[in-house]
Amino acid sequence: MTAPTSSALVVPVPAVETVVGESRRVLDHTAAWGVPAHVTVLYPFLAPERLTSHVLTGVAAIVHRVAAFDCVFAEVRWFGEDAVWLAPEPAGPFRAITAALWRRFPDCPPYRGRHDDVVPHLTVGSATAGTLDGMRRAAEQVGPRLPVHARVDQVSLLTGTDAPGSWRTMAEFPLAR
């Protein structure tokens, strides 16, 4: 197996996997990489060789400042015609985690700084891996299966490459109880 080249801090959402898993396998390239259904809090993160114990301790301290919370995924939304996604409510705790991590790691702007507003979301499909028609079908299939309730109690550090099945959990950081 090739050494990891990228890392991400995500909130895994296993509760939604049964609703979006089939669509993600076809329409979300990260599913092929082995990344579970999730809400990203910081991607890209540091290069894997920079993930020292000092970095991990810093991430743990930041994440632990946020209390575990319940959220609901009740609505399918779109980023133009580029991606179909589920909106978590409340979004505030996800935004707070992202902002705190970015302050601590300013060289890691969310999505490389490509977006003025970082919107917490769980990707169902994107134009990177799927077609617009495929994403529309997924939205029609997923919508009636909502809402999905989830408990958010950890952030995971994943590392991998763009090769199928390459992403693995390197560390898990619990939120405050």
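Using our numbering, the letters of the sequence shown correspond one by one to residues 5 to 181.
Glycine residues also receive a C-beta, built at the ideal position from the N, C-alpha and C atoms.
Residue closest to residue i, alpha-carbon to alpha-carbon, out of the options
i, options, result
"A43", "V76, D86, P52, A180", "Inspection of the sequence shows that residue 43 is occupied by Val rather than by Ala. The candidate whose alpha carbon is nearest that of V43 is V76."
"V23", "H153, R99, A175", "H153"
"L105", "W37, L136, A65", "A65"
"F98", "E144, A71, T165, R149", "A71"
"R141", "V17, V14, R28", "R28"
"Q158", "P8, V14, T9", "V14"
"F49", "P178, R81, S160", "S160"
"F177", "V67, P18, P148", "V67"
"G84", "R181, V20, M139, P113", "M139"
"A51", "A100, A87, G62, D111", "D111"
"E53", "I101, T9, G134", "T9"
"P168", "R149, V88, A36", "A36"
DSSP three-state assignment for residue i, whether helix, strand or coil
i, result
"L13", "strand"
"L46", "strand"
"L31", "helix"
"R140", "helix"
"G164", "strand"
"R172", "strand"
"R155", "strand"
"A180", "strand"
"P215", "The chain is shown from 5 up to 181; residue 215 falls before or after that span and cannot be answered."
"T22", "helix"
"P8", "coil"
Assigned exposure category for residue i - 16 Cβ within 10 Å defines buried
i, result
"Y115", "exposed"
"A41", "buried"
"P4", "No answer is possible for residue 4: the residues shown for the chain start at 5 and end at 181."
"D32", "buried"
"W171", "buried"
"S57", "exposed"
"H119", "exposed"
"L46", "buried"
"T34", "buried"
Beta-carbon separation (whole angstroms), residue i vs residue j, contact threshold 8 Å
i, j, result
"V123", "L90", "Their Cβ separation, rounded to whole angstroms, is 11 Å, which puts V123 and L90 out of contact at 8 Å."
"S11", "L55", "6 Å"
"M174", "T165", "Contact doesn't hold; Cβ gap of about 13 Å is too wide."
"V80", "V146", "6 Å"
"D74", "R155", "6 Å"
Residue i CB to nearest heavy atom of the ligand GDP below 7 Å
i, result
"D121", "Only the bare structure without any ligand can be found here, which leaves the ligand GDP out of the picture."
#### Entry: Ordered list of beta strand (DSSP E) runs contained in the region 51-136, each at least 3 residues
73-83, 87-93, 126-130
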